[in-house]
Amino acid sequence: MNEMKGQELTSHPVDEMLPFSKLFAYGLQHVLAMYAGAVAVPIIIAQALQLTPAQLIHLINADLFTCGIATLIQTIGFWKVGARIPMIQGVTFAAVTPMILIGTEHGITAIYGAIIVAGLLTFLVAPYFSKLIRLFPPVVTGTIITIIGITLLPVAVRWIGGGNPKAPDFASPMQLMLAGLTLCIVIVVYRYAKGFLSNIAVLIGLIGGTVASILLGQANFAEVGRADWISVTTPFSFGFPTFDVGSVISMVIVMLVVMVETTGDSIAIGEIVGKPIGRDGLARCLRADGLSTFIGGILNSFPYTAFAQNVGLVAVTRVKSRFVVAASGVILILLGLFPKMAAVVACIPNAVLGGAGLAMFGMIIASGVRALSKVQFEGNYNLMLVAISIGMSMITLTIPNFFQHFPDVAKIVLQSGITLGSITAVLLNLIFNGMGDPHEDTTSPK
């Protein structure tokens with residue numbers, strides 16, 4: 199009997215090892231989908247702290263390198279660390295504002311001191327936080343998956359327009375044409391190609407859109423020539439970390455928010471790949487976040503969490519193997535070591551990313567709707583739960599500075615639509631349905 203169970207476990211699509219060519223193609227597809235978001239945080243931090251161009255390049259290389267390590271920890275795992283699901287890791291945007299405040303007041307070394315402590319504490323509290331998995335019945339998880347997709351759609355829209363809404367050519371006919379062409383390629387390949395080619399529809403769309411942008415003179419590869427061939431990330435490049443109590447507290451709060459978001463993302467991926475995340479799986483997932491954040495503080499990077507952008511890609515491709523995302527981790531490490539490779543990826547126009555992003559993020563919403571379709575809405579209060587939770591998540595999408603008069607600590611939670619919507623769903627479920635049995639569907643009629 200035990201042998202049969204072991205065979206069933208290893209035969210799950212999540213644990214399937216694909217040929218090298220497919221691992222590389224699928225893995226590259228994930229990297230291209232998340233690259234713009236991955237390098238955004240170091241760029242924002244460098245600009246806010248007025249770092250030199252050389253220091254910015256070092257931050258980006260360190261970020262990519264550590265992204266790769268974090269992704270390998272999460273997908274391959276060891277001991278009780280790593281969820282072992284196709285979850286790519288990236289720097290969380292929830293930490294941006296606190297890190298800017300810490301860096302402005304105490305310097306960049308205080309940022310890394312706070313990150314190291316917060317990462318260590320996250321690692322230690324992971325098994326206790328994972329007990330909250332009982333607060334995520336199907337109605338909550340379906341709502342959160344839907345919220346993730348909705349809150350990501352504005353990112354795709356900004357990409358479609360070119361990235362910067364203040365730019366004079368934002369949403370110009372050229373930008374829209376490139377985005378539309380990319381989306382059309384994705385749709386055609388997804389619909390008419392078979393097997394492997396259908397699964398890399400997003401990658402083919404990105405390549406096709408980039409080629410078109412080159413032919414139309416919309417891609418600039420000048421940065422490739424200026425980039426170094428090799429760059430080695432060394433620990434504590436900005437100096438030994440310093441530890442300020444207030445800074446540490448603010449970063450710990452950030453990591454609490456990250457744990458909520460990671461819980462939602464991991465549950466979403468588990469739903470999509472058919473491998474539900476239980477308490478032990480969530481604990482391993484959160485430990486990986488904590489360890490990766492701790493390593494990030496040492497290697498001049500930032501706090502890490504699951505990248506929601508790639509949840510949609512898993513849904514689009516239907517490729518469930520965690521080793522595909524592990525291949526993405528290896529590619530990210532190489533991009534961090536060889537800046538010229540990273541520069542080539544960075545040359546993909548935002549409009550091209552937006553065309554593919556519209557399909558990916560929309561697919562997350564569709565996955566959420568599919569999950570909610572299994573929930574019972576008659577004879578209970580679940581419809582109101584879903585309605586209010588999604589409504590709350592839309593507040594900062596409509597007016598980004600809506601909570602500008604709140605304390606900075608509160609903004610960490612309130613300014614993230616995913617976090618605000620997720621917390622609302624959990625609280626309303628407690629009010630409407632109570633705790634219930636974590637192994638039962640508490641959304642059945644009363």
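Under my numbering, think of the first position of the sequence shown as 199, with each following residue one higher. The beta-carbon is built from N, C-alpha and C at its ideal position, and this holds for glycine as well.
Distance from F492 to F321 at the Cβ level is roughly 7 Å; contact confirmed, criterion being Cβ atoms closer than 8 Å. Counting only runs of 4+ residues, the alpha helix (DSSP H) found wholly inside the stretch 292-334 occupies 294-304 and 306-327, in chain order. Cα atoms of Q245 and L535: separation of roughly 23 Å, rounded to the nearest angstrom.
DSSP places Q287 within a strand segment (E or B) once states are collapsed to three. Residue state for F601 is assigned as coil, using DSSP reduced to three classes. Less than 8 Å divides the Cβ of F500 from the Cβ of A293.
For T432, no alpha helix (DSSP H) encloses it, and the DSSP letter there is neither H nor E. For V458, same chain residues with a beta-carbon under 6 Å away, outside a window of 5 residues either side, are T617 and S620 in chain order. In this structure, F521 and M232 do not form a Cβ contact; the two beta carbons are roughly 17 Å apart against a cut-off of 8 Å. In the three-state reduction of the DSSP assignment, V229 falls in the helix class. Under a 10 Å Cβ-count criterion, L381 is classified as buried, with 16 or more other Cβ atoms of the shown protein chains found around its own Cβ.
By the criterion of a C-beta distance shorter than 6 Å, T273 is surrounded in its chain by R520, V523 and A524, once the five residues flanking it on both sides are discounted. Beta-bridge partners assigned by DSSP to A564: none are found. With fewer than 16 other Cβ atoms inside 10 Å of its own Cβ, L581 counts as exposed. At the C-beta level, L626 and I586 come within 8 Å of one another. Under the 10 Å beta carbon count, P537 is surrounded by 16 or more other beta carbons and is classified as buried. Around the beta-carbon of L413, fewer than 16 other beta-carbon atoms lie within 10 Å, marking it exposed.
With the rule of 3 Cβ pairs closer than 8 Å, the stretch 561-570 does not count as touching the stretch 249-264.
The closest CA to that of R477, considering only R332, Y310 and A417, is found on R332. The beta carbon of A549 sits closer than 7 Å to the beta carbons of W357, I358, G360, Q373, L376 and A377 from its chain, once the five residues preceding and following it are set aside; these are given in chain order. Taken atom to atom, the span from the alpha-carbon of P240 to that of G632 is near 42 Å. Burial state of T461 is buried, judged by a 10 Å Cβ sphere holding 16 or more other Cβ atoms.
If you look at A623, you'll find it in the alpha helix (DSSP H) that goes G615 to N631.
By the Cβ criterion, the stretch 503-514 is in contact with the stretch 283-291, since at least three pairs of Cβ atoms, one from each stretch, lie closer than 8 Å. Between V386 and A354, the alpha-carbon positions lie close to 20 Å from each other. Under the 8 Å Cβ criterion, the stretch 331-350 counts as touching the stretch 584-604, having at least three qualifying pairs.
Here V430 has L535 as same chain residues with Cβ atoms under 8 Å from its own Cβ, once five neighbours each way along the sequence are excluded. In its chain, beyond the 5 residues on either side, L262, M539 and A540 have a beta carbon closer than 6 Å to the beta carbon of L533. Under the three-state reduction of DSSP output, Y388 falls in the helix class.
Leaving aside the five residues that flank F291 on each side, the residues in its chain whose CB is nearer than 7 Å to its CB run, in chain order, V239. Boundaries of the beta strand (DSSP E) around T503: Y502 to A504.
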